[in-house]
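S.K.: Quick one: this structure, given as structure tokens, is what I'll be asking you about.
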Amino acid sequence: MALVRAKDIREKELSERNREIELQVKQQTKQLALARDKAVDGSRMKSDFLASMSHEIRTPLTAIIGMAELLAETKLSSDQDKYVKVFRRAGDTLLSLVNDILDLSKIEAEQLVLEHMPFNLLDVIEESVEIYAVKAAENHVELISDFEPKSNMLRSGDSARLRQIILNLISNAIKFTSEGHILVIVRATDAEEVQISVTDTGIGIPEDKQQAIFASFTQADSSTTRKFGGTGLGLTISKRLVEMMNGSIRVESEEGVGSTFSFTVKLPVNESATRDNLPMPGFLKDKNILVLDSNQHNRTKICNLLSSFGAECVESEEFNMWDESRYQYVFMDHKILFACDDGETEQIRQSSQSDSGPVIIAMLDPVTFHQQIQRINELGLGGYFSKPIKQSELLHVFSSKDQQKEESQLAKEQIDAETDETSVEEKHILLVEDNEDNRLLVRTYLKKSPYIIDEAENGKIAVDMYRNNSYNLILMDVQMPVMDGHEATRVIRVLEVENGRPTTPIIALTAHAIKEEIDKCLAAGCDTHVGKPIKKATLIGIIEDYAT
């Protein structure tokens, strides 16, 4: 009997213990659910805050940067031109800082999604280098891109985010390099992996600081921020983006010598990407070419590329008068060309005008390019292009004069045809924007275009105007009082169906950099979006693409 009672007691204790455990599990589950809901609400509030701040900051930036762009197109004195360049540069810098902060927030909130589209890697590299060419040259730094001839440049991935990484690294290199060069090298021989490095001859980074620079808001030391500026976010964002592309980034540096930032990312080969129309591999066979450039990396790049097409290439870092019968082409860097004395300059002039002499091509400085052109024309040289050297421009030099003339004529005929077409076909556009400064900006952008602009300051007015008019395209701001752009777009799409009207392209003008907000625009019925600040060329291009 005692054994039975003991057993009953144990079972009762066990049952009570189980109930206690079940109660604890329920309470912990409830707490976890509350914590999860709180985290989701916090993430949503953060997203809403970012969207709002993005709009509030980018909207006035649109007017500032846009008006500066328009002012730069007017006739200015030298002082005025200098002032305009200053506040254009300041506006772009502020925009870059805003973008960095928003990008980092999106990454931390796991709201940044990478695209997977075919693209030409060489285009991304050369465009990135071209963007910073002038700024580097103003620092007396030569910016050079190079790649292994056997690289496969047709890839698949997010080209915009890849460009962002490269631009961050180039910008960082320029900031800390006051002389020498910055070299961007691509290795893309693997079917999956691409390696890109940016090497500078700058101040270098102490060994004990090299890993810390990838942390948010961190630079090598606080004096760096005071002297060179910046938030310290560029490398953090680059590292996160590289990791999202299944890659890694590292730095090698020596104080007083320079730094190399290199990263690898997964970008699979994609043969459907747009390829360059390159000549046949042996099209420069039997061509002897002389390259005169004080920078060894430039000489090596040019000679490697030309040799891959069959040319015999000789390089030199200083001027020596050439044997006219030996070379068919001579490439001369502007530093060597304009350092020649009067006698050497006269020899160059005579050689360029001789029927038996080589074609002399000048490689010009991106800052003083236009001033140097006049001097080139006086010397009667065979051609010129601006540094940094792009593969397409370098190879185009070897097109025959007849071919260049034919291409020029075709381009002229195409421009004339486009001009005739736009001059007779007027387009009716509805601009919906609550900010008066931005309405003025868009109006001015399109002042010399064939477009007729109607304006509405909120979505409700836009819907009323749509009921009574027919438009080829609608430019729709998103965040507006009374009725926002999302609701106005939905109403217009319903009216189209109810009244059997053709679909009008609607372009969202959005300051929201977050993907979730862009998706809202598309879900509401917008065809695409243009991010603020709005660039003139971007706006005109999108109108030309979508206006029916």
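Heads up: the sequence shown runs through residues 77 to 624, numbered per my numbering.
By construction, the Cβ of each residue, glycine as well, lies at the ideal position given by its N, Cα and C atoms.
Figure out for me which residue from Asp362, Ile437 and His446 has the closest Cα to the Cα of leucine 368.
M.R.: Counting from one through the sequence shown, the residue named residue 368 turns up at place 292. Cα-wise, what sits closest to leucine 368 is Ile437.
S.K.: Glutamine 104 bridges to which residues according to DSSP?
M.R.: Sequence index remark: in the sequence shown, residue 104 carries index 28 (1-based). Paired residues: none, contrary to the question.
S.K.: What residue range does the alpha helix (DSSP H) around aspartate 418 cover?
M.R.: As a position in the sequence shown, residue 418 is number 342, starting the count at 1. Counting along the chain, the alpha helix (DSSP H) containing aspartate 418 begins and ends at 418–429.
S.K.: Could you compute how far the alpha carbon of leucine 190 sits from the alpha carbon of glutamate 255?
M.R.: On the sequence shown, residue 190 is found 114 positions in, with the first residue counted as 1. On the sequence shown, residue 255 is found 179 positions in, with the first residue counted as 1. Distance between the alpha carbons of leucine 190 and glutamate 255: 36 Å.
S.K.: Exposed or buried, which one is glutamate 574 when buried takes at least 16 other CB atoms within 10 Å?
M.R.: Against the sequence shown, residue 574 aligns to sequence position 498. Label assigned to glutamate 574: exposed.
S.K.: Please report the Cβ distance between glycine 386 and phenylalanine 359, rounded to the nearest whole angstrom; I am assuming they are in contact, meaning their Cβ atoms lie under 8 Å.
M.R.: Within the sequence shown, numbered from 1, the residue matching residue 386 stands at position 310. Within the sequence shown, numbered from 1, the residue matching residue 359 stands at position 283. 7 Å between Cβ atoms; contact.
S.K.: For the stretch 328–337 and the stretch 272–282, state whether three or more C-beta atom pairs, one from each stretch, are separated by less than 8 Å.
M.R.: Verdict: yes, contact present.
S.K.: Any idea if alanine 148 is buried or exposed, counting beta-carbon neighbours within 10 angstroms, 16 or more meaning buried?
M.R.: Numbered from its first residue, the sequence shown carries residue 148 at position 72. Its Cβ having fewer than 16 others within 10 Å, alanine 148 is exposed.
S.K.: CB-CB under 8 Å to isoleucine 618, same chain, minus the five flanking residues each way: which ones, in chain order?
M.R.: Numbered from 1 along the sequence shown, position 542 holds the residue referred to as residue 618. Hits under 8 Å: Ile583, Thr604 and Val606.
S.K.: Less than 8 Å between the beta carbons of glutamine 624 and asparagine 548, yes or no?
M.R.: Position 548 of the sequence shown, counted from the first residue, corresponds to residue 624. Position 472 of the sequence shown, counted from the first residue, corresponds to residue 548. Note that residue 624 is threonine in the sequence shown here, rather than glutamine. Yes, they are a contact pair.
S.K.: Which value, in whole angstroms, describes the spacing of the CA atoms of lysine 608 and isoleucine 242?
M.R.: Translated into positions along the sequence shown, residue 608 becomes position 532. Translated into positions along the sequence shown, residue 242 becomes position 166. Going from the Cα of lysine 608 to the Cα of isoleucine 242 covers about 22 Å.
S.K.: Comparing alpha-carbon positions, which option in Thr336, Gln423 and Ser468 lies nearest isoleucine 246?
M.R.: Position 170 of the sequence shown, counted from the start, is the residue given in the question as residue 246. Among Thr336, Gln423 and Ser468, the Cα nearest to that of isoleucine 246 belongs to Thr336.
S.K.: Could you check what DSSP says for glycine 310 in three-state terms: helix, strand or coil?
M.R.: To locate residue 310, count along the sequence shown from 1; it is residue 234. Reduced to three states, the DSSP call for glycine 310 is helix.
S.K.: Check aspartate 179 in the structure and name its three-state DSSP category.
M.R.: As a first step, residue 179 is located in the sequence shown; it is residue number 103 there, counting from the start. The answer is helix: DSSP assigns aspartate 179 an H, G or I state.
S.K.: Give the DSSP bridge partners of arginine 263, in chain order.
M.R.: Translated into the one-based positions of the sequence shown, residue 263 becomes position 187. Looking at the DSSP assignment, arginine 263 forms a beta bridge with Gln271.
S.K.: Taking its Cβ as the centre, do 16 or more other Cβ atoms sit within 10 Å of alanine 264, making it buried, or is it exposed?
M.R.: Within the sequence shown, the letter at position 188 stands for residue 264. Alanine 264 is buried by the Cβ-count criterion.
S.K.: What are the start and end residues of each continuous beta strand (DSSP E) run of 3 or more residues lying completely inside the stretch 534–602, in chain order?
M.R.: Within the stretch 534–602, the complete beta strand (DSSP E) runs of at least 3 residues are 549–553 and 582–586.
S.K.: By Cβ distance below 7 Å, which residues in the same chain neighbour glycine 458 in space, the five residues on each side in sequence not counted?
M.R.: For the purposes of this step, residue 458 is taken as the residue at position 382 of the sequence shown. Ser428, Val435, Ile436 and Ile437.
S.K.: Quick check on this structure: which residue in Asn514, Asn346 and Ile289 has the alpha carbon closest to the alpha carbon of isoleucine 325?
M.R.: Here the question's residue 325 lines up with position 249 in the sequence shown. Residue Ile289 is the option with its Cα nearest to isoleucine 325.
S.K.: Measuring alpha carbon to alpha carbon, tell me which residue in Asn371, Leu382 and Gln404 is nearest serine 392.
M.R.: Residue 392 sits at position 316 when you count from the first residue of the sequence shown. That would be Asn371, whose Cα lies nearest to the Cα of serine 392.
S.K.: Give the DSSP bridge partners of arginine 231, in chain order.
M.R.: Along the sequence shown, one-based indexing puts residue 231 at 155. Looking at the DSSP assignment, arginine 231 forms a beta bridge with Phe195 and Val345.
S.K.: With a threshold of 8 Å between beta carbons, is valine 406 in contact with chain C?
M.R.: Protein chains in the displayed structure number just one, and chain C is not present.
S.K.: In this structure, does DSSP put phenylalanine 388 in helix, strand or coil?
M.R.: Walking along the sequence shown from the start, residue 388 turns up at place 312. Position check: residue 388 holds glutamate in this sequence, whereas phenylalanine was assumed. Residue state, collapsed to three classes: strand.
S.K.: What is the DSSP secondary structure of glycine 334, counted as helix, strand or coil?
M.R.: One-based indexing of the sequence shown puts residue 334 at position 258. Correct three-state label for glycine 334: strand.
S.K.: Among Glu268, His504, Gln100 and Gly142, whose alpha-carbon lies nearest the alpha-carbon of threonine 580?
M.R.: To locate residue 580, count along the sequence shown from 1; it is residue 504. Nearest C-alpha to threonine 580: His504.
S.K.: Mind checking serine 91: buried by the 16 CB within 10 Å criterion, or exposed?
M.R.: To locate residue 91, count along the sequence shown from 1; it is residue 15. Burial call: exposed.
S.K.: Using a threshold of 8 Å, state whether the C-beta atoms of proline 578 and leucine 219 are closer than that.
M.R.: Along the sequence shown, read from residue 1 onward, the residue named residue 578 stands at position 502. Along the sequence shown, read from residue 1 onward, the residue named residue 219 stands at position 143. Going by C-beta atoms, proline 578 is not nearer than 8 Å to leucine 219.
S.K.: Whether or not the stretch 191–204 and the stretch 226–236 are in contact is what I'm after, with contact meaning three or more pairs of Cβ atoms, one per stretch, closer than 8 Å; do they touch?
M.R.: The stretch 226–236 is in contact with the stretch 191–204.
S.K.: Rounded to the nearest angstrom, what separates glutamine 240 and glutamate 206 at their Cα positions?
M.R.: In the sequence shown, counting from the first residue as 1, residue 240 sits at position 164. In the sequence shown, counting from the first residue as 1, residue 206 sits at position 130. So the alpha carbons of these two residues sit roughly 14 Å apart.
S.K.: Rank Phe223, Gln286, Leu238 and Asn215 by C-alpha distance to the C-alpha of lysine 251 and give the top, closest one.
M.R.: Residue numbering aside, residue 251 sits at position 175 when the sequence shown is read from its first letter. Among Phe223, Gln286, Leu238 and Asn215, the Cα nearest to that of lysine 251 is on Asn215.
S.K.: What alpha helix (DSSP H) runs, 4 residues minimum, are completely inside the stretch 206–230?
M.R.: Taking only runs of at least 4 residues, the alpha helix (DSSP H) segments lying wholly in the stretch 206–230 are 209–214.
S.K.: By alpha-carbon positions, which one of Ile424, Lys411 and Met556 ends up nearest to alanine 213?
M.R.: The sequence position of residue 213 within the sequence shown is 137, counting from 1. When each option's Cα is compared against that of alanine 213, the closest is Lys411.
S.K.: Give me the Cβ distance between isoleucine 378 and leucine 471, rounded to the nearest whole Å; I'm assuming they're in contact under 8 Å.
M.R.: Within the sequence shown, the letter at position 302 stands for residue 378. Within the sequence shown, the letter at position 395 stands for residue 471. That pair is no contact at about 11 Å.
S.K.: Opposite glycine 459 in the DSSP bridges: which residues?
M.R.: Locating residue 459 in the sequence shown gives position 383, where the first residue counts as 1. DSSP lists Ile437 as partners of glycine 459.
S.K.: So glycine 607 is in the beta strand (DSSP E); what residue range does that whole segment cover?
M.R.: The count along the sequence shown starts at 1 and reaches residue 607 at position 531. Start and end: 604–607.
S.K.: Taking aspartate 530 as the reference, give the member of Ser546, Lys524, Lys536 and Leu507 with the closest Cα.
M.R.: Numbered from 1 along the sequence shown, position 454 holds the residue referred to as residue 530. Of Ser546, Lys524, Lys536 and Leu507, the residue nearest in Cα terms is Leu507.
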